[in-house]
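**Student:** Line by line, the protein sequences give chains A and B.
Note that the working numbering has the first sequence beginning at 1, numbered continuously upward.
Note that the working numbering has the second sequence beginning at 1001, numbered continuously upward.
Number of protein chains: 2
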Amino acid sequence: MATRRTPSKETSASGSPVSMADLARELGVSMTTISRALSDHHSIGPATKQAVLKLAKKLNYQPNHLAAALRKGKSKLIGVIVPYIEGRFFASVVHGIETAASKAGFSVIICQSGEDVEHERKNLETLLSAQVAGILISVSLNTLDFKHFEKVRKHGVPLVFFDRLLEGDHVNAVVLNDREGGYQATSHLLEQGCRRVAHICGTQHLNIYKNRRQGYLDALQRYGIAPDDSLIRDSNMTLESGAQCMADLLALPNPPDAVFAAGDTAILGALQLLKSRGLRVPQDVALAGFSNEALTQVAEPMLTSVDQRTEEMGQAAFRLFTELLSAEGTAFSQRQVVLQPQLFVRASSLRKDTI
Amino acid sequence: MATRRTPSKETSASGSPVSMADLARELGVSMTTISRALSDHHSIGPATKQAVLKLAKKLNYQPNHLAAALRKGKSKLIGVIVPYIEGRFFASVVHGIETAASKAGFSVIICQSGEDVEHERKNLETLLSAQVAGILISVSLNTLDFKHFEKVRKHGVPLVFFDRLLEGDHVNAVVLNDREGGYQATSHLLEQGCRRVAHICGTQHLNIYKNRRQGYLDALQRYGIAPDDSLIRDSNMTLESGAQCMADLLALPNPPDAVFAAGDTAILGALQLLKSRGLRVPQDVALAGFSNEALTQVAEPMLTSVDQRTEEMGQAAFRLFTELLSAEGTAFSQRQVVLQPQLFVRASSLRKDTI
DNA sequence: TTGTATGCGTTATCAG
DNA sequence: CTGATAACGCATACAA
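#1: So, using beta-carbon positions, are E1293(B) and G1096(B) closer together than 8 Å?
#2: Would you call D1280(B) buried or exposed, if buried means 16 or more other Cβ atoms sit within 10 Å of its Cβ?
#3: Would you mind giving the Cβ-Cβ distance between N1142(B) and E1115(B), rounded to the nearest angstrom? I have them listed as a contact below 8 Å.
#4: Among A1068(B), V1174(B) and A1243(B), which residue has its Cα nearest to the Cα of Q1131(B)?
#5: For N292(A), return the contacting residues in chain B, with the cut-off set at a CB-CB distance below 8 Å.
#6: Express the C-alpha separation of S1276(B) and L274(A) in angstroms, rounding to a whole number.
#7: Please classify H42(A) as buried or exposed, where buried requires at least 16 neighbouring CB atoms within 10 angstroms.
#8: Note down the Cα distance separating P341(A) from K57(A), rounded to an integer number of angstroms.
#9: Within a Cβ cutoff of 8 Å, which residues of the same chain sit near D389(A), ignoring the five residues on either side of it in sequence?
#10: Name, going along the chain, the residues of the segment 1072-1105 of chain B whose beta-carbon falls closer than 9 Å to a beta-carbon of chain A.
#11: At a cut-off of 7 Å, is M1313(B) close to the ligand FMN when judged by its beta-carbon and the heavy atoms of the ligand?
#12: Using 8 Å as the limit for Cβ to Cβ distance, is E1180(B) near chain A?
#13: Please go through the same chain and pick out, in chain order, the residues whose beta-carbon is closer than 8 Å to the beta-carbon of P7(A), but skip the five residues on each side of it.
#14: In angstroms, rounded to a whole number, what distance separates the CA positions of D40(A) and T48(A)?
#15: Please go through the same chain and pick out, in chain order, the residues whose beta-carbon is closer than 8 Å to the beta-carbon of H188(A), but skip the five residues on each side of it.
#16: Quick one: which residues of the segment 53-72 of chain A get their C-beta closer than 8 Å to a C-beta of chain B? List them in chain order.
#17: Taking the alpha-carbon positions, what's the T1354(B) to E1191(B) distance?
#18: Give me the Cα-Cα distance between S1102(B) and I110(A), rounded to the nearest whole angstrom.
#19: Does T32(A) get closer than 8 Å to chain B when you measure Cβ to Cβ?
#20: Please report whether the beta-carbon of E1167(B) lies at a distance below 8 Å from any beta-carbon of chain A.
#21: Can you find at least 3 beta carbon pairs, one from the segment 239-247 of chain A and one from the segment 255-267 of chain A, that sit closer than 8 Å?
#22: Use the C-beta contact count for L252(A): other C-beta atoms within 10 angstroms, 16 or more gives buried, fewer gives exposed.
#23: Could I get the ranges of all uninterrupted alpha helix (DSSP H) runs contained in the segment 1033-1080 of chain B, with 4 residues as the minimum, in chain order?
#24: Quick one: what does DSSP say S19(A) is sitting in, helix, strand or coil?
#25: So if I threshold CB-CB distances at 9 Å, which residues from the segment 1113-1140 of chain B count as touching chain A?
#26: Below 8 Å between beta carbons is the criterion; list the residues of the segment 142-174 of chain A that meet it against any residue of chain B, in chain order.
#27: Under DSSP, the beta strand (DSSP E) around S107(A) begins and ends at which residues?
#28: Would you report the Cα separation of Y84(A) and E125(A), rounded to the nearest angstrom?
#29: Give the residues of chain B in contact with A299(A), contact being defined as C-beta atoms less than 7 Å apart.
#30: Below 6 Å CB to CB, which residues in the same chain sit around H1170(B) once its five sequence neighbours on both sides are set aside?
#31: Return no unless some Cβ of chain A is closer than 8 Å to the Cβ of L1363(B).
#32: Looking at the structure shown, is L127(A) part of a helix, part of a strand, or coil, going by DSSP?
#33: Hey, could you find the ends of the beta strand (DSSP E) H199(A) is sitting in?
#34: In angstroms, rounded to a whole number, what distance separates the CA positions of T11(A) and P63(A)?
#35: Name, please, each residue of chain B whose Cβ falls closer than 7 Å to the Cβ of L273(A).
#36: I need the DSSP call for G242(A), collapsed to helix, strand or coil.
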């Protein structure tokens, strides 16, 4: 009857993008009816609704989220930006985010900044263009200011930081209580009888490393031990750097009897160096790391480490996003969720049992 | 002049979704001109083009990909489905995919099936609804048939499998030459003087485990050794399972002098069991695994393993997708890309040097 | 309960 | 080289 240019191709052979209009025409009803039936609207006859659903199945109708998002002005997409997806930490957080998002009907667009702020800026633009409903991000190492996040705010897109964020900025964020983690690890070493506890720390412009270091200092103070700057070594947290720091520490006139590193890879480097020098762990030097990576349970002795609650962090980040979404006019809100770390004590620091 | 209902809000305070229409109005030109300037069309005056670009920057115009995709019928999104994002292998492949995709202007939607075919089915529908330009997938462990992929084919969306795929099905895929990998690892053990080489293998309905096993058998044959069924153990590739298999093997009347496992975690379990029994690796039993996970370099001794070229696999998968995209009518094509594995020999199998 | 009409932001077709 | 206009698929205000 209708002389539309789509003369009802009986054979849905190749690409068959069947739309609501197709369903409407087939059933002889209006698109509105179709829309209502599919979206479970209340004003719809049960009979027609069933008919629509049945036909939709038959023609295997697939809703077009793009069109819906365009119309409604809000999509079911969220963007996640991480420095890199490899490595247990970020992969695990992304896992948490994706799992929570998926349950809530959101899809996740994943972006990697490659630890580069310029890439990060591009990622943000891409996500805004994709009309995401929100952005969850852990900033890159060389992100030093918030300029590029202004655009996100202007677009009114909820922004949630997780783990890494710039100090002094008031934003929505989910973080670990890194200070408490540093405190726990260091206190544990001190309780094991160690008195010269060294610290291998990361770049201090990042909240996480700064706080872990502060926790280290807190513990020393609590035990009445004056901090010794020669026992605090800057590191980029790689295996090599950890080994180098350990070597430097051993070369001191008064070397440490324990080391707390702000990362597991670095502490593994330290462990390897100690073993190559014939020193015993934990008897000669006790070790504790941070992140509770898989390698901590493969190393010998197994490495004591602070767990970062990665899954919970991902869940919490997504949850915070949804809260911002329903709160609406909260472009300027500053909600912070702080997760408590958990120290996993393993052989690398258990002195009392082994001496 | 124009009495549009958007009276040029001077203060772009909160949500400022500036569109092409806004730019057009501001400059007093048509939307067509704006569109052409932004998309670098040839029919456009250099002067006007500059003016448009400048204004776009000033008002920080952000293109709406959704609208463009809706109009053009093709988005710049691709979907990636993996069993889980944690673990080095999939994270690394996703890294490769995202890096390549990003360079080509595509964004990546990540989905996890959780090793469940039902979830996988939902993921596929979600991605189709999101109007992705293509889908890259590594199937879940309990995916036994291709029913749910039919829908993808009907929609004419390019589909690329990577690593895991169902045997006997002719699809576009990027895989590792697992058979060659199994052959290399086993041959290496035989060359080290081992004569009773055992194999810990995974579920045989998956191409990867089946092929690794076949490579193992190939190597035995090449060396004129008859396969011994008691030396081939089924496993779910976990740490515990690896240890259990090793224990079973040691209990044999004639235990093996080497083990090749189809996964690194399993071989680590075997290593730990051997050490707990006071046996020496590789002198008493030589070991080789598969995947070249990070743990292989943390274990002591370090574990020999087959590298899966994860980054290349990701790149190749995306590249194959783009080829399918430009080839258009290739819903039925069956392009296969096979990557060559690389054996990393480490201490766990180096007998000749250590005896 | 159902239908009609309109617009979301963009691109493509056609005419100037 | 530029402009008016129609679509893409869906949701909703409004009318029936």
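Beta carbons are placed, not taken as given, at the ideal position from N, Cα and C, and that holds for glycine.
Fair warning: this is a prediction, and the values are worked out from it, not measured in the lab.
**Tutor:** From the atom records:
#1: no
#2: Here residue 1280(B) is Arg; the residue named in the question, Asp, does not match the sequence. Counting the other Cβ atoms within 10 Å of the Cβ of R1280(B) gives fewer than 16, which makes it exposed.
#3: Between N1142(B) and E1115(B), the beta carbon gap of about 7 Å places them in contact (Cβ cut-off 8 Å).
#4: Closest option to Q1131(B), Cα to Cα, is A1068(B).
#5: None at all; the shortest Cβ gap to chain B is about 13 Å.
#6: Their Cα atoms are separated by approximately 23 Å.
#7: Answer is exposed; the Cβ neighbour count stays below 16.
#8: 48 Å
#9: The structure shown does not extend to residue 389(A), since chain A is modelled only from 1 through 355, so no value can be given for it.
#10: So the list reads G1073, S1075, K1076, L1077, G1079, V1080, Y1084, I1085, E1086, G1087, R1088, F1090, A1091, S1092, V1094, H1095, E1098, T1099, S1102 and G1105, given in the order they occur along the chain.
#11: Judged by which ligands are present, the structure shown has none, so any question about the ligand FMN falls away.
#12: Not one chain A Cβ lies under 8 Å of E1180(B).
#13: Only weak support is given to the placement of P7(A): the predicted model assigns it a pLDDT of 38, under 50, and the question is left unresolved by the model.
#14: 12 Å
#15: A288, T304, L343, V345 and S349
#16: Cβ contacts with chain B come from N60, Q62, P63, N64, H65, L66, A67, A69 and L70.
#17: Low per-residue confidence applies at T1354(B): pLDDT is 47, beneath 50, and the placement is therefore not dependable enough to give any value.
#18: 10 Å
#19: no
#20: no
#21: yes
#22: exposed
#23: 1046-1058 and 1065-1072
#24: coil
#25: Within the segment 1113-1140 of chain B, the residues whose Cβ lies closer than 9 Å to some Cβ of chain A are G1114, H1119, K1122, N1123, E1125, T1126, L1127, L1128, S1129, A1130 and Q1131, listed in chain order.
#26: K151, K154, H155 and G156
#27: For S107(A), the enclosing beta strand (DSSP E) starts and ends at S107 to Q112.
#28: Just so you know, the alpha carbons of Y84(A) and E125(A) end up roughly 18 Å apart.
#29: V1298
#30: Only Q1334 meet the Cβ criterion.
#31: This structure cannot settle anything about residue 1363(B), because the visible part of chain B is limited to 1001 through 1355.
#32: helix
#33: V197 to C201
#34: Residue placement at T11(A) is flagged as unreliable, the pLDDT there being 36, under the threshold of 50; a coordinate-derived value is accordingly withheld.
#35: Near L273(A) there are no residues of chain B at all, since even the closest Cβ is about 14 Å away, more than 7 Å.
#36: helix
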